[in-house]
Structures are given as structure tokens and as C-alpha cells.
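In our numbering, the protein residues as written are 2 to 645.
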């Protein structure tokens, strides 16, 4: 009995230590603004103490900060329902914000009202909550302008990725933008962090890194803006100052007498790049009243009204004057992503405090002798999510923006979290409906949508399932394995960054960018697609078996040519065995009875390397091409080639 009690006490103590360790690690990650990691630690702590409201709250706040809005809303709902002692009064405020992001304005008003019921009248957050209630009331009746048809379209995978694309700058047939997806190759942090780089797309073809050395190695390079006389190219250079905090400075490059960009970028003066503070998101324009160039930018420097403010500085005789806080638009929160439209003398910007539809909304303010009134661009330009970086084209008929609204590619699809994509806005004047027009209206533009999943087994064929090099079970001549396909897929997919790094080592910047895009596309559009299709294939297969059908599946195994034929034949058989195991163990072995009875038959036809494409290297010393290339990766697969 004493031994049992001792074991029980030790188990409780270990559990408590584990709980405290997870929570402490979560707090540390949260303080470092690594919110995704913080959520993971808090979740694990919550598994140890599933009824602890404190851990629900911490999970919710971490999820909110990495933009997993649905997850955060569900967790805050749990908190406010269980928190009868009102230990977490801010939960109602956060829940109101999340309901607003979801476009549930009436429910958001109710949440903000519940928050106000327990708060002092003059509290800062109380005043903000009252403003949010008024914003929600406005949002309930907000509508697009009556004289315009506005269409907002998501750019495809030639531009957008599951990472963030932002900072669009249209210039003729070229679109400059930034993408936050590049490997920080010299990073000592683990896991290695990402960097943003400047790209350009001609006629909306696939984006490529801006050439001629504009991107600075091992630093963030982003936010392009070009002076009205086209003689200067301004951009930001940023670096990590802690695990996740980034500090930026504004740089520029000038043209020489021959119209070529000078090689070395220069930082702006210290009155703009104030040491110890960030200066970012530049936009330069021509002020027709001052008849001078004016640079707008964002900073957290002293003297502002809020967290991030918009500042401006006038170009006076080849030098920029002392920056001035644009207090006509700034609030105690964040005003960011300015863009000055020379043609109409309008400043566009985003704010998370001015009354809007969601998190950040896009606003405009006209510049004449004095600044005009701030106007919300309204739906559908603004959504209930975050809308940023509005940039109109020169003709005024289109514009660009960055948003994490639904339809954007998610970095974490399960939690619908992250990231920002580029969207294009089309403006068309409405015709007077009383005028009879004998000319038929033009057909509506084609909308590119993701193809729907197949609905029959035969439509999946050939279903391709890809494997990492020499997997499953490296360096063995066994013909079978105990592994399932999903276990090999998970480990393989996690190596995407390593594949990019290993393949692009030693390449010049432009070639490395193209190669990285190709490898990312393979992992996201071929490897992951195979796993998704296998799950759907299994669901349809189960339906057919439950309906009494007898089904035979024919598998073929393939390898890359890095080993002799006998080894590759055995490797192909192991891969087939791995896929067979996947069917046998799917949903706790639900197919096993059909396999035992002969109603489901899995037959195999290994091919080794006999069908390998000619360009794939078989040189063991050439790992770049024989392991890490897309061509070699495509050869390491099993195909479901036939369903009988």
C-alpha cells in the first residue's frame, strides 16, 4: 500500500512539474512573440489540466495573436462561459474583437457590452469598446457605393504562397511586392526563421526576385516605393533584434548619369532612421500644393500618438526635413501602410482603431491646402479581417491590397492561421438602368477556382504518393515495413525548408529563388495533394465496400536511380508495403475485415527504377540532383494505377 501511495504521489508531482514546465515555456515564447509555439506549449499544459480556465485564456490569446481567429474565438467562448468569478474580464473584449473579425457584428456588440458592464467608465479599453460598438453598428449597414461595381479577386499561385505576400507597388506592367518566405540561411535560431524579399511580376506572371542586388543577404528587404521622377528606389531593410521582433530602416538607391541603379544602397538620414526605433513602409509622392516630394513612413519613434504612427518628411533641396507626425490620422493604436496617390492627391492607409469592418481597415484622406476628412473605403474593399497596403493603379480602375480574408492561402490550414495574400480590386462605373442598350453586356470574367476533389475512385487515378529518399526504413534490404504512409509523409513534409536549402546552396540569388519556388510547389501542390487525395480516396473506398462492392486496388512502386536495381526493387516493395499498411490501419483498421474476406484486394506491381526519367541523376556524390531536386523527388513514389 505504501508503495502504491508513493507511486501515486510521484506521478502527481511529475504531472505538476510537466504542467508548470509547459506553461512556463509558453509564457517565455509568448513574451518573445512566438505565438504559435506559445499556443503549442499552452495546449500541452491544458492537456494536463483540462479544466483550468487560465490555460484556456492563454491558449486563446496566443491563437488570436497568430491569426487563428476561429480557434481563438472558440477558446474565449469557453473562458467567458466558465469564468463566473470574472478573473479574466479582458476575455469579453477579445471575444468582441474576434466576433467582429468574423463579421458577426450583433454578437460582437453583445460581447463588448458585457465587457463594459464590469469596467470603469473612464477606462481606456472601455472607451475603445464603446467605439467598437459604434463601429459594429455602422458595419451592419455598410454597403458598397451605389455608382460603382467593385470586384475583389485573389491572385493565384504565380504570386501568392502559403506565406505572406504584401506591399504591392504597381508600375506600368510590373507589380513589385514582398514575400515573407525565404530561408534565413545563416540563422542560429532553431528552427530557422524566414526572411522577406522584394519580387517583381511582369503582367502577373510568376514573381521573381528583383534583380541587380536590391535584396540584401540575410536581412529582410521589403516595401518598395519609387520617387515621382523615377530617380530613387526606396525600400526597407530589417533585421531580427530578438527571437521574433524586427527593426527596420529605410534605404534608397539612386540612378547614375546613364540611368542605371547605383550598386550600393544608402540608409536614410538619422532623423528618419532614429537609432533604436523602427522606420518602415515608405511611400513617396508629389504634393501639388507644396510642389515638392513628400516621403510618408511608419515608425514607433518618440513623439507619436500611438504604437505605430504615420510620419512624413518633405524633400527640401536634396535633403529631407525633420519628420512630422501626421496627427490628423494617427490614434493611440496603429496606423500603418501609407500610400500617396499623386494623381488624386489622396493618402491611403490602414488603421485598427478608426471605425471599421474588422481588424485593420483601409481609409483615405484627401490632401489640399489642408487635410480633409477620413473616409473608410467600405465593403468589399474592406472585409471583417485585416486589409492593408492599398495601392491604386495609375488609371484608377484597379487597385491592389494585402489581406488575410477568407480565400487567402493558409500556412496552417487546420487552424486557418496566417497569412496575407495579394488581392486585386476592379472598379467599374454602373450604367444608368433607364437607358436601353442594344449591345449585349460583356461576359463575366472567368473566376479561377481550386478544382473540386474527385467523387469516384477512378477519377483519382493515377494517385501519386511521394516518399523521402530511401524511405521507408533507410539502408535495409527488407521487402516490407511496419510504417504507414502518413508517418512517412509527415516527416517528409517537415523537411521542405531543408530541401530548399540543400538544393539552392551555391546558386545565385535569382536561380535560387526560382528553384525554391519549384520545390515549394512540389511539396505543397504534389506531395500534400497526394496525402489529401489518399484520405478522400479511402473515404469513397469505404462507402463502396459498405455498399457491398468488391474492389481491387493495383499499386506500382517507383524509385530514383541512386542504387543498384536489386536494392531499388526491394525499396519499391517496401513503399508498396507502406501504402498497404496505411489502408490496413486507416481509421483503427476499418478495412481489415474487408481485406480478410477478400472483398478488398490490394495487388502490387513493383517497378524499381525501370521507369525513371532520363534527366534524373544517379550520381551518389551529386546529392543536389539525385536527392533534393524536384525531378528526383517525383520519381520516389507509389501510384494507385488501377481500380477493378
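Built from N, CA and C at the ideal position, the CB exists for glycine as well.
Here the structure is a predicted model, which means the values were calculated and not measured.
Next on the checklist: Please state the DSSP three-state secondary structure of residue 585.
Outcome noted: Position 584 of the chain shown, counting from 1, holds the residue named residue 585. In the structure shown, residue 585 sits in a helix (DSSP, three-state: H, G or I).
Item to check | Per-residue burial, residue 465 [other beta carbons within 10 Å of its own, 16 or more giving buried] | outcome: Counting from one through the chain shown, the residue named residue 465 turns up at place 464. The residue in question, residue 465, is buried, as its Cβ has 16 or more Cβ neighbours within 10 Å.
Checklist entry - Using the beta-carbon count (16 or more within 10 Å), is residue 446 buried or exposed? => result Indexing the chain shown from 1 puts residue 446 at position 445. Low confidence applies to residue 446: its pLDDT is 40, below 50, so where it sits in the model is not reliable, and the reading given next is rough at best. The residue is exposed, with fewer than 16 neighbouring Cβ atoms inside 10 Å.
Item to check | Per-residue DSSP class, three states only, for residue 394 | outcome: Walking along the chain shown from the start, residue 394 turns up at place 393. It is coil, neither helix nor strand.
Checklist entry - If you draw a straight line from the alpha carbon of residue 264 to that of residue 235, how long is it in whole angstroms? => result Here residue 264 refers to the residue found at position 263 of the chain shown. Here residue 235 refers to the residue found at position 234 of the chain shown. The straight-line gap from Cα to Cα measures roughly 14 angstroms.
Checklist entry - Are residue 196 and residue 221 close, meaning C-beta to C-beta below 7 angstroms? => result Locating residue 196 in the chain shown gives position 195, where the first residue counts as 1. Locating residue 221 in the chain shown gives position 220, where the first residue counts as 1. Yes, these two residues count as a Cβ contact at 7 angstroms.
Checklist entry - Below 7 angstroms between beta carbons: does that hold for residue 110 and residue 134? => result The sequence position of residue 110 within the chain shown is 109, counting from 1. The sequence position of residue 134 within the chain shown is 133, counting from 1. Contact flag set, yes.
Checklist entry - Which one or two residues does DSSP pair with residue 638 in a beta bridge? => result Working through the chain shown from its first residue, we reach residue 638 at position 637. In DSSP, residue 638 forms a bridge with 467, 559.
Item to check | Alpha carbon of residue 88 to alpha carbon of residue 108, nearest angstrom | outcome: Here residue 88 corresponds to residue number 87 of the chain shown, with the count starting at 1. Here residue 108 corresponds to residue number 107 of the chain shown, with the count starting at 1. So the alpha carbons of these two residues sit roughly 22 angstroms apart.
Item to check | Nearest-angstrom Cα separation, counted from residue 550 out to residue 645 | outcome: Residue mapping note: residue 645 aligns to position 644 of the chain shown, counting from 1. Residue mapping note: residue 550 aligns to position 549 of the chain shown, counting from 1. The straight-line gap from Cα to Cα measures roughly 10 angstroms.
Checklist entry - For residue 362, which three-state DSSP category applies? => result Sequence index remark: in the chain shown, residue 362 carries index 361 (1-based). In the structure shown, residue 362 sits in a strand (DSSP, three-state: E or B).
Checklist entry - For the alpha helix (DSSP H) that contains residue 137, what are its first and last residues? => result Counting from one through the chain shown, the residue named residue 137 turns up at place 136. Note, residue 137: alpha helix (DSSP H), 125-142.
Checklist entry - Can you name the residues that DSSP bridges to residue 342? => result Position 341 of the chain shown holds residue 342. Residue 342 is bridged to 347.
Next on the checklist: Using 8 angstroms for Cβ pairs, my map puts residue 226 next to residue 284. What's the rounded Cβ distance?
Outcome noted: Indexing the chain shown from 1 puts residue 226 at position 225. Indexing the chain shown from 1 puts residue 284 at position 283. Right, their Cβ atoms sit about 5 angstroms apart.
Checklist entry - How long is the line joining the alpha carbons of residue 307 and residue 331, rounded to whole angstroms? => result Here residue 307 is taken as the residue at index 306 of the chain shown, counted from 1. Here residue 331 is taken as the residue at index 330 of the chain shown, counted from 1. Whole-angstrom Cα-Cα distance: 7 angstroms.
Checklist entry - Mind checking whether residue 316 and residue 294 have CB atoms under 7 angstroms apart? => result Counting from one through the chain shown, the residue named residue 316 turns up at place 315. Counting from one through the chain shown, the residue named residue 294 turns up at place 293. It is a contact, given that the beta carbons lie within the stated cut-off.
Checklist entry - Going by the beta-carbon positions, is the gap between residue 151 and residue 361 smaller than 7 angstroms? => result Numbered from its first residue, the chain shown carries residue 151 at position 150. Numbered from its first residue, the chain shown carries residue 361 at position 360. Result no, Cβ atoms of residue 151 and residue 361 do not sit closer than 7 angstroms.
Next on the checklist: In chain order, what are the residue ranges of uninterrupted alpha helix (DSSP H) at least 4 long that sit wholly in the segment 464-510?
Outcome noted: 486-494, 497-505
Checklist entry - Is the CB-CB distance between residue 274 and residue 266 below 7 angstroms? => result As a first step, residue 274 must be located in the chain shown, where it is residue number 273. As a first step, residue 266 must be located in the chain shown, where it is residue number 265. Going by C-beta atoms, residue 274 is not nearer than 7 angstroms to residue 266.
Checklist entry - Does the distance from the CB of residue 366 to the CB of residue 389 come in under 7 angstroms? => result To locate residue 366, count along the chain shown from 1; it is residue 365. To locate residue 389, count along the chain shown from 1; it is residue 388. Not in contact: residue 366 and residue 389 (Cβ atoms no closer than 7 angstroms).
Checklist entry - Hey, how far is the Cα of residue 45 from the Cα of residue 76? => result Numbered from its first residue, the chain shown carries residue 45 at position 44. Numbered from its first residue, the chain shown carries residue 76 at position 75. Computed Cα separation, rounded: 15 angstroms.
Item to check | Bridge-paired residues (DSSP) for residue 401 | outcome: Numbered from 1 along the chain shown, position 400 holds the residue referred to as residue 401. DSSP lists 392, 425 as partners of residue 401.
Checklist entry - Going by Cα to Cα distance, which pick from 168, 148, 172, 182 is closest to residue 162? => result Locating residue 162 in the chain shown gives position 161, counting from the first residue. Closest by alpha carbon: 182.
Next on the checklist: Given this structure, state the Cα-to-Cα distance separating residue 336 from residue 74, to the nearest angstrom.
Outcome noted: Taking the first residue of the chain shown as position 1, residue 336 is located at position 335. Taking the first residue of the chain shown as position 1, residue 74 is located at position 73. Computed Cα separation, rounded: 25 angstroms.
Item to check | Presumed contact (8 angstroms Cβ cut-off) between residue 116 and residue 136, rounded CB distance | outcome: Counting from 1 along the chain shown, the entry for residue 116 is found at position 115. Counting from 1 along the chain shown, the entry for residue 136 is found at position 135. Between residue 136 and residue 116 the Cβ distance is about 14 angstroms, and since that is not below 8 angstroms, they are no contact.
Next on the checklist: Please classify residue 328 as buried or exposed, where buried requires at least 16 neighbouring CB atoms within 10 angstroms.
Outcome noted: Taking the first residue of the chain shown as 1, we reach residue 328 at position 327. The residue is exposed, with fewer than 16 neighbouring Cβ atoms inside 10 Å.
Item to check | residue 519, DSSP secondary structure in three states | outcome: Residue mapping note: residue 519 aligns to position 518 of the chain shown, counting from 1. Residue 519 falls in the helix class under three-state DSSP.
Checklist entry - Nearest-angstrom Cα distance between residue 145 and residue 383? => result Translated into the one-based positions of the chain shown, residue 145 becomes position 144. Translated into the one-based positions of the chain shown, residue 383 becomes position 382. Cα to Cα, the separation comes out at about 10 angstroms.
Item to check | C-alpha gap between residue 346 and residue 376, whole angstroms | outcome: Counting from one through the chain shown, the residue named residue 346 turns up at place 345. Counting from one through the chain shown, the residue named residue 376 turns up at place 375. Approximately 14 angstroms, taken between the alpha carbons.
Next on the checklist: Can you tell me whether residue 602 is buried or exposed? The criterion is at least 16 other CB atoms within 10 Å of its CB, across all chains shown.
Outcome noted: Working through the chain shown from its first residue, we reach residue 602 at position 601. Answer is exposed; the Cβ neighbour count stays below 16.
Item to check | alpha helix (DSSP H) runs contained entirely in the segment 152-223, provided each spans 4 or more residues | outcome: none
Checklist entry - If we ignore side chains and look at the alpha-carbon of each, how far apart do residue 421 and residue 391 end up? => result Start at 1 with the first residue of the chain shown, and residue 421 comes out as number 420. Start at 1 with the first residue of the chain shown, and residue 391 comes out as number 390. Distance between the alpha carbons of residue 421 and residue 391: 13 angstroms.
Item to check | Distance, residue 239 Cα to residue 84 Cα | outcome: Working through the chain shown from its first residue, we reach residue 84 at position 83. Working through the chain shown from its first residue, we reach residue 239 at position 238. If you take the alpha carbons of residue 84 and residue 239, they lie about 42 angstroms apart.
Item to check | Same chain only: Cβ atoms within 7 angstroms of residue 127, ignoring 5 sequence neighbours per side | outcome: By one-based count along the chain shown, residue 127 stands at place 126. Same-chain partners within the cutoff: 117, 120, 121.
Next on the checklist: Quick check: residue 556 and residue 580, are their CB atoms within less than 7 angstroms of each other?
Outcome noted: As a first step, residue 556 must be located in the chain shown, where it is residue number 555. As a first step, residue 580 must be located in the chain shown, where it is residue number 579. A contact, by the Cβ cut-off of 7 angstroms.
Next on the checklist: Count Cβ pairs between the segment 592-602 and the segment 470-489 that sit closer than 8 angstroms; are there 3 or more?
Outcome noted: no
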